[in-house]
Amino acid sequence: MTKFENQLELDRRKYPRIFFSVDDEVAASITTPNTNNLPPFHAKVMDLSLGGLFFTIKRGELLPINEGDFLLLKDIIAFFQFRITCEIEMKVKRVQDHQFIEYIGFGCEFISPPPETEEQIRNLLNLIHRKDQKIKA
């Protein structure tokens, strides 16, 4: 993909995303709506925006999840100090599953998050942005 094509891809997004490394230790608890009383699974969040998130989970550690499936986000924990407790329905928009990679990735879109949860996510994104600005300075 050329630099111009990359810019077009970025411009298509409704919400800016913030990316995390594995070292950032941003995690989410997620359930599948149709699994009766199964505990949530824990996933590493690799990017987050007001519109959704991308998470990874180790191959073989969960039930099959496919494009178009619905999930329920229960909480996000960032940097061991910031927690968002919520009940946000998400639709799986993209699955990255390469047999030679240990983790499977899932791009999810939030479905009508409550305004108070949107505000919590916005606060987390602002906190991370300010933290990044201090590191660059």
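Counted the way the numbering used here counts, the sequence shown spans residues -17 to 119.
Where is the CB? At the ideal position from N, CA and C, for every residue including glycine.
Inter-residue spacing [alpha-carbon to alpha-carbon] between residue i and residue j
{"i": "Ala60", "j": "Ile70", "result": "17 Å"}
{"i": "Asn19", "j": "Leu45", "result": "14 Å"}
{"i": "Leu30", "j": "Pro(-2)", "result": "9 Å"}
{"i": "Asn56", "j": "Gln63", "result": "Looking at the sequence itself, residue 56 is Lys, so the reference to Asn does not match. About 17 Å."}
{"i": "Leu35", "j": "Gln81", "result": "22 Å"}
{"i": "Ile66", "j": "Arg76", "result": "24 Å"}
Reference residue i; option with closest CA among the options
{"i": "Gly42", "options": "Asn16, Glu91, Gly87, Ile93", "result": "Gly87"}
{"i": "Thr38", "options": "Ile83, Pro95, Leu32", "result": "Ile83"}
{"i": "Met72", "options": "Gly33, Ile66, Glu91", "result": "Glu91"}
Bridge partner(s) assigned by DSSP for residue i
{"i": "Gly34", "result": "Ser31, Glu91"}
{"i": "Arg76", "result": "Gly89"}
{"i": "Glu71", "result": "Leu54, Ile93"}
Where residue i falls, given that 16 or more other Cβ within 10 Å makes a residue buried
{"i": "Pro15", "result": "exposed"}
{"i": "Pro21", "result": "exposed"}
{"i": "Thr(-16)", "result": "Because Thr(-16) sits at a pLDDT of 49, beneath the cut-off of 50, its placement in the model cannot be relied upon, and the following sentence gives the value as read from the coordinates. Its Cβ having fewer than 16 others within 10 Å, Thr(-16) is exposed."}
{"i": "Val4", "result": "exposed"}
Proximity of residue i and residue j at Cβ, strictly below 8 Å
{"i": "Val74", "j": "Glu49", "result": "yes"}
{"i": "Ile110", "j": "Ile0", "result": "yes"}
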